[in-house]
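Report on the following structure.
Given below as C-alpha coordinates:
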(Lines of atoms letter the chains of each structure in order from A and count residues from 1; the text may use other names and numbers.)
(Lines give C-alpha, C1' and ligand atoms only; values in the text may rest on other atoms or scores of the structure.)
Protein backbone atom coordinates (compact mmCIF):
# COMPACT_ATOMS: atom_id res chain seq x y z
CA UNK A 1 0.00 0.00 0.00
CA UNK A 2 2.81 2.40 0.93
CA UNK A 3 4.58 1.73 -2.36
CA UNK A 4 1.41 2.51 -4.29
CA UNK A 5 0.94 5.83 -2.44
CA UNK A 6 4.60 6.71 -3.05
CA UNK A 7 4.19 6.09 -6.82
CA UNK A 8 1.07 8.25 -6.94
CA UNK A 9 2.82 11.11 -5.13
CA UNK A 10 5.85 10.82 -7.42
CA UNK A 11 3.74 10.89 -10.60
CA UNK A 12 1.72 13.89 -9.37
CA UNK A 13 4.88 15.79 -8.49
CA UNK A 14 6.44 15.02 -11.89
CA UNK A 15 3.27 16.16 -13.66
CA UNK A 16 3.17 19.47 -11.74
CA UNK A 17 6.80 20.32 -12.43
CA UNK A 18 6.38 19.42 -16.11
CA UNK A 19 3.53 21.94 -16.36
CA UNK A 20 5.60 24.60 -14.58
CA UNK A 21 8.46 24.17 -17.03
CA UNK A 22 6.15 24.90 -19.96
CA UNK A 23 5.15 28.36 -18.71
CA UNK A 24 8.37 30.27 -19.59
CA UNK A 25 8.29 28.99 -23.18
CA UNK A 26 4.73 30.28 -23.55
CA UNK A 27 5.77 33.76 -22.36
CA UNK A 28 8.66 33.81 -24.80
CA UNK A 29 6.19 33.63 -27.67
CA UNK A 30 4.84 37.10 -26.77
CA UNK A 31 6.55 39.77 -28.86
CA UNK A 32 7.62 42.82 -26.89
CA UNK A 33 6.99 46.22 -28.48
CA UNK A 34 10.20 48.01 -29.42
CA UNK A 35 10.61 51.30 -27.53
CA UNK A 36 10.21 54.38 -29.66
CA UNK A 37 8.85 57.84 -30.32
CA UNK A 38 5.83 59.41 -32.03
CA UNK A 39 6.68 62.89 -33.34
CA UNK A 40 3.59 64.87 -34.31
CA UNK A 41 3.03 68.39 -35.59
CA UNK A 42 -0.18 70.44 -35.44
CA UNK A 43 -1.80 73.14 -37.59
CA UNK A 44 -0.76 73.91 -41.18
CA UNK A 45 2.83 75.14 -41.56
CA UNK A 46 3.22 72.82 -44.52
CA UNK A 47 6.30 74.42 -46.09
CA UNK A 48 8.22 74.23 -42.82
CA UNK A 49 7.22 70.58 -42.33
CA UNK A 50 8.39 69.80 -45.84
CA UNK A 51 11.73 71.55 -45.31
CA UNK A 52 12.22 69.80 -41.96
CA UNK A 53 11.73 66.46 -43.70
CA UNK A 54 14.53 67.30 -46.13
CA UNK A 55 16.86 67.86 -43.18
CA UNK A 56 15.74 64.87 -41.09
CA UNK A 57 15.17 62.17 -43.69
CA UNK A 58 18.81 61.05 -43.27
CA UNK A 59 17.71 59.67 -39.89
CA UNK A 60 14.96 57.59 -41.58
CA UNK A 61 12.54 59.41 -39.33
CA UNK A 62 8.77 59.24 -39.43
CA UNK A 63 6.24 61.87 -38.25
CA UNK A 64 2.51 62.51 -38.05
CA UNK A 65 1.35 65.83 -39.49
CA UNK A 66 -2.01 66.87 -38.02
CA UNK A 67 -3.58 69.30 -40.49
CA UNK A 68 -6.16 71.98 -39.72
CA UNK A 69 -8.05 74.29 -42.11
CA UNK A 70 -7.21 72.14 -45.12
CA UNK A 71 -9.61 74.21 -47.22
CA UNK A 72 -7.16 77.15 -46.96
CA UNK A 73 -4.13 75.27 -48.34
CA UNK A 74 -2.63 76.08 -51.72
CA UNK A 75 -2.09 73.56 -54.50
CA UNK A 76 1.65 73.46 -53.76
CA UNK A 77 1.01 72.80 -50.06
CA UNK A 78 -1.35 69.92 -50.89
CA UNK A 79 1.34 68.55 -53.19
CA UNK A 80 3.93 68.72 -50.40
CA UNK A 81 1.59 66.90 -48.01
CA UNK A 82 1.07 64.17 -50.59
CA UNK A 83 4.81 63.79 -50.94
CA UNK A 84 5.20 63.51 -47.17
CA UNK A 85 2.55 60.79 -47.11
CA UNK A 86 4.26 59.00 -49.99
CA UNK A 87 7.51 58.93 -47.99
CA UNK A 88 5.83 57.11 -45.11
CA UNK A 89 4.74 59.98 -42.89
CA UNK A 90 1.16 60.15 -41.65
CA UNK A 91 -1.31 62.91 -42.50
CA UNK A 92 -3.86 63.20 -39.68
CA UNK A 93 -6.80 65.47 -38.87
CA UNK A 94 -6.71 68.57 -36.65
CA UNK A 95 -10.09 70.12 -37.41
CA UNK A 96 -11.72 71.94 -40.30
CA UNK A 97 -11.96 75.22 -38.35
CA UNK A 98 -9.60 74.40 -35.41
CA UNK A 99 -12.44 74.70 -32.88
CA UNK A 100 -11.96 74.38 -29.14
CA UNK A 101 -13.94 71.13 -29.00
CA UNK A 102 -15.40 71.19 -25.44
CA UNK A 103 -16.28 74.88 -25.69
CA UNK A 104 -17.99 74.45 -29.06
CA UNK A 105 -19.88 71.31 -27.97
CA UNK A 106 -21.06 72.94 -24.75
CA UNK A 107 -22.66 75.71 -26.80
CA UNK A 108 -23.78 73.89 -29.94
CA UNK A 109 -23.88 70.16 -29.20
CA UNK A 110 -21.86 67.18 -30.38
CA UNK A 111 -23.82 66.70 -33.63
CA UNK A 112 -23.04 70.27 -34.74
CA UNK A 113 -19.37 69.70 -33.89
CA UNK A 114 -19.19 66.58 -36.04
CA UNK A 115 -21.11 68.27 -38.85
CA UNK A 116 -19.04 71.47 -38.92
CA UNK A 117 -15.58 70.42 -37.70
CA UNK A 118 -15.08 66.75 -38.57
CA UNK A 119 -17.15 65.72 -41.60
CA UNK A 120 -16.04 68.52 -43.97
CA UNK A 121 -12.41 67.98 -42.91
CA UNK A 122 -12.60 64.25 -43.66
CA UNK A 123 -14.44 64.80 -46.94
CA UNK A 124 -11.80 67.20 -48.26
CA UNK A 125 -8.86 65.15 -46.97
CA UNK A 126 -10.26 62.00 -48.56
CA UNK A 127 -10.81 63.96 -51.77
CA UNK A 128 -7.06 64.66 -51.79
CA UNK A 129 -6.37 60.95 -51.09
CA UNK A 130 -5.08 61.41 -47.56
CA UNK A 131 -5.54 58.27 -45.47
CA UNK A 132 -6.84 59.85 -42.29
CA UNK A 133 -7.37 57.53 -39.31
CA UNK A 134 -6.03 59.74 -36.49
CA UNK A 135 -7.13 63.05 -34.99
CA UNK A 136 -5.38 65.56 -32.72
CA UNK A 137 -7.56 67.91 -30.67
CA UNK A 138 -6.88 71.63 -31.22
CA UNK A 139 -5.25 72.99 -28.04
CA UNK A 140 -5.42 69.43 -26.72
CA UNK A 141 -8.86 70.24 -25.23
CA UNK A 142 -11.18 67.23 -24.99
CA UNK A 143 -13.60 65.29 -22.80
CA UNK A 144 -14.88 61.71 -22.59
CA UNK A 145 -18.14 62.36 -24.47
CA UNK A 146 -16.34 63.91 -27.43
CA UNK A 147 -13.81 61.07 -27.35
CA UNK A 148 -16.64 58.55 -27.72
CA UNK A 149 -18.07 60.38 -30.72
CA UNK A 150 -14.70 60.75 -32.45
CA UNK A 151 -13.71 57.13 -31.93
CA UNK A 152 -16.51 56.27 -34.36
CA UNK A 153 -14.55 58.25 -36.97
CA UNK A 154 -10.90 57.64 -35.99
CA UNK A 155 -8.79 54.79 -34.66
CA UNK A 156 -6.54 57.01 -32.51
CA UNK A 157 -7.26 60.44 -31.02
CA UNK A 158 -4.62 62.59 -29.35
CA UNK A 159 -4.83 65.10 -26.53
CA UNK A 160 -1.97 66.85 -24.70
CA UNK A 161 -0.34 66.61 -21.30
CA UNK A 162 1.78 69.03 -19.28
CA UNK A 163 4.06 69.21 -16.26
CA UNK A 164 7.64 68.17 -15.54
CA UNK A 165 7.14 65.41 -13.00
CA UNK A 166 9.16 62.22 -12.91
CA UNK A 167 8.67 60.29 -16.20
CA UNK A 168 7.07 57.43 -14.23
CA UNK A 169 4.09 59.71 -13.52
CA UNK A 170 3.87 61.26 -16.99
CA UNK A 171 0.94 60.52 -19.28
CA UNK A 172 2.83 60.96 -22.55
CA UNK A 173 3.51 57.26 -23.21
CA UNK A 174 1.35 54.88 -25.20
CA UNK A 175 -0.68 52.62 -22.88
CA UNK A 176 -2.75 50.51 -25.31
CA UNK A 177 -5.57 53.06 -25.35
CA UNK A 178 -7.23 54.66 -28.36
CA UNK A 179 -6.94 58.02 -26.57
CA UNK A 180 -3.32 59.14 -26.21
CA UNK A 181 -1.58 62.22 -24.85
CA UNK A 182 1.47 64.05 -26.20
CA UNK A 183 3.87 66.41 -24.47
CA UNK A 184 5.09 69.53 -26.23
CA UNK A 185 8.52 70.19 -27.76
CA UNK A 186 7.90 73.81 -28.80
CA UNK A 187 10.33 76.04 -26.92
CA UNK A 188 7.44 77.98 -25.32
CA UNK A 189 5.61 74.85 -24.16
CA UNK A 190 5.23 74.86 -20.34
CA UNK A 191 8.12 73.05 -18.65
CA UNK A 192 9.89 72.19 -21.92
CA UNK A 193 13.64 71.75 -21.61
CA UNK A 194 16.25 69.58 -23.30
CA UNK A 195 17.30 67.87 -20.04
CA UNK A 196 13.69 66.90 -19.32
CA UNK A 197 13.17 65.68 -22.88
CA UNK A 198 16.24 63.45 -22.49
CA UNK A 199 14.81 62.07 -19.23
CA UNK A 200 11.59 61.17 -21.05
CA UNK A 201 13.56 59.48 -23.84
CA UNK A 202 15.71 57.57 -21.33
CA UNK A 203 12.60 56.30 -19.55
CA UNK A 204 11.04 55.17 -22.85
CA UNK A 205 14.21 53.25 -23.71
CA UNK A 206 14.60 51.60 -20.29
CA UNK A 207 10.94 50.67 -19.86
CA UNK A 208 10.15 49.74 -23.47
CA UNK A 209 7.68 52.62 -23.82
CA UNK A 210 6.60 54.74 -26.77
CA UNK A 211 6.99 58.47 -26.05
CA UNK A 212 4.44 60.73 -27.77
CA UNK A 213 5.53 64.29 -28.64
CA UNK A 214 3.96 67.24 -30.44
CA UNK A 215 5.16 70.53 -31.87
CA UNK A 216 3.99 73.04 -34.42
CA UNK A 217 6.34 74.93 -36.73
CA UNK A 218 9.89 73.53 -37.10
CA UNK A 219 12.50 76.28 -37.53
CA UNK A 220 16.25 76.75 -37.31
CA UNK A 221 15.91 79.83 -35.10
CA UNK A 222 13.03 80.66 -32.76
CA UNK A 223 11.24 83.91 -33.62
CA UNK A 224 7.80 83.38 -32.03
CA UNK A 225 5.64 81.04 -29.97
CA UNK A 226 4.53 77.63 -31.29
CA UNK A 227 7.89 76.87 -32.85
CA UNK A 228 10.09 73.78 -32.51
CA UNK A 229 13.83 74.05 -33.05
CA UNK A 230 15.29 71.82 -35.74
CA UNK A 231 18.10 71.15 -33.26
CA UNK A 232 15.56 69.58 -30.88
CA UNK A 233 14.28 67.33 -33.65
CA UNK A 234 17.83 66.30 -34.55
CA UNK A 235 18.48 65.40 -30.91
CA UNK A 236 15.37 63.19 -30.83
CA UNK A 237 16.25 61.50 -34.13
CA UNK A 238 19.85 60.90 -33.04
CA UNK A 239 18.66 59.39 -29.77
CA UNK A 240 16.22 57.05 -31.53
CA UNK A 241 18.87 55.84 -33.97
CA UNK A 242 21.66 55.46 -31.43
CA UNK A 243 19.50 53.40 -29.06
CA UNK A 244 17.89 51.18 -31.72
CA UNK A 245 14.44 52.59 -31.03
CA UNK A 246 11.59 52.95 -33.53
CA UNK A 247 9.78 55.91 -35.10
CA UNK A 248 6.02 55.35 -34.95
CA UNK A 249 3.13 57.32 -36.42
CA UNK A 250 -0.08 57.86 -34.44
CA UNK A 251 -2.03 55.42 -36.60
CA UNK A 252 0.58 52.70 -36.09
CA UNK A 253 -0.18 52.71 -32.36
CA UNK A 254 -3.57 51.21 -33.17
CA UNK A 255 -1.81 48.17 -34.65
CA UNK A 256 0.00 47.49 -31.37
CA UNK A 257 -3.14 46.92 -29.30
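In this note's numbering, the protein residues as written are -19 to 237.
Every residue, glycine too, gets a C-beta built ideally from N, C-alpha and C.
Are residue 153 and residue 116 close, meaning C-beta to C-beta below 8 Å? Translated into positions along the chain shown, residue 153 becomes position 173. Translated into positions along the chain shown, residue 116 becomes position 136. Not closer than 8 Å, so no.
At what residues does the beta strand (DSSP E) containing residue 36 begin and finish? The residue labelled residue 36 in the question sits at position 56 within the chain shown. Careful: residue 36 lies outside any beta strand (DSSP E), inside the alpha helix (DSSP H) at 26 to 36.
Opening and closing residue of the beta strand (DSSP E) in which residue 47 lies: By 1-based counting over the chain shown, the position of residue 47 is 67. Taken as a continuous stretch (DSSP letters only), the beta strand (DSSP E) holding residue 47 covers 44 to 47.
Is it right to say residue 89 is buried, meaning 16 or more other beta carbons lie within 10 angstroms of its own, or is it exposed? Taking the chain shown and counting its residues from 1, the one referred to as residue 89 is at position 109. By the 10 Å Cβ count, residue 89 comes out exposed.
Start and end residues, beta strand (DSSP E) containing residue 114: Here residue 114 is taken as the residue at index 134 of the chain shown, counted from 1. Annotation: the continuous beta strand (DSSP E) that includes residue 114 extends over 114 to 116.
Pull the bridge partners of residue 220 from the DSSP assignment, please. Here residue 220 is taken as the residue at index 240 of the chain shown, counted from 1. Residue pairing by DSSP leaves residue 220 without any beta bridge partner.
Kindly indicate which three-state DSSP category residue 138 falls into: helix, strand or coil? What you label residue 138 is simply residue 158 of the chain shown in a count that begins at 1. The three-state secondary structure of residue 138, taken from DSSP, is strand.
Alpha-carbon to alpha-carbon, residue 217 and residue 226: Working through the chain shown from its first residue, we reach residue 226 at position 246. Working through the chain shown from its first residue, we reach residue 217 at position 237. Rounded to whole angstroms, residue 226 to residue 217 spans 10 Å at the Cα level.
My assumption, with CB atoms under 8 Å, is that residue 251 sits in contact with residue 230. Please give the rounded CB distance. Absent from the model: residue 251. The displayed extent of the chain is -19 to 237, so no value can be given.
To which residues does DSSP link residue 184 through a beta bridge? In the chain shown, counting from the first residue as 1, residue 184 sits at position 204. Note: residue 184 sits in no beta bridge, so no partner.
Below 8 Å CB to CB, which residues in the same chain sit around residue 102 once its five sequence neighbours on both sides are set aside? Taking the chain shown and counting its residues from 1, the one referred to as residue 102 is at position 122. Result list for residue 102: 73, 112, 133, in chain order.
Please determine if the region 54 to 66 and the region 76 to 89 are in contact, where contact requires at least 3 C-beta pairs separated by less than 8 Å. Taking a cut-off of 8 Å for Cβ pairs, the region 54 to 66 and the region 76 to 89 do not touch, as fewer than three such pairs fall below it.
Shortest alpha-carbon distance to residue 28 belongs to which of 235, 222, 196? Against the chain shown, residue 28 aligns to sequence position 48. Nearest of 235, 222, 196 to residue 28, Cα basis: 196.
Please go through the same chain and pick out, in chain order, the residues whose beta-carbon is closer than 6 Å to the beta-carbon of residue 165, but skip the five residues on each side of it. As a working mapping, residue 165 is identified with position 185 in the chain shown. Taken in chain order, the residues that qualify are 193, 195, 208, 212.
Residue 228 by DSSP, collapsed to three states: which one? For the purposes of this step, residue 228 is identified with residue 248 of the chain shown, where counting begins at 1. DSSP places residue 228 in the strand class (E or B) of the three-state scheme.
Report yes if the C-beta distance between residue 156 and residue 237 is below 8 Å; otherwise report no. The residue you call residue 156 lines up with position 176 of the chain shown. The residue you call residue 237 lines up with position 257 of the chain shown. In this structure, residue 156 places its C-beta atom within 8 Å of the C-beta atom of residue 237.
Return the chain-ordered list of same chain residues with a C-beta closer than 6 Å to the C-beta of residue 233, the five sequence neighbours on each side being excluded. Counting from 1 along the chain shown, the entry for residue 233 is found at position 253. Cβ within range, chain order: 136, 154.
Exposed or buried, which one is residue 205 when buried takes at least 16 other CB atoms within 10 Å? Residue mapping note: residue 205 aligns to position 225 of the chain shown, counting from 1. Exposed: under 16 other Cβ atoms inside 10 Å.
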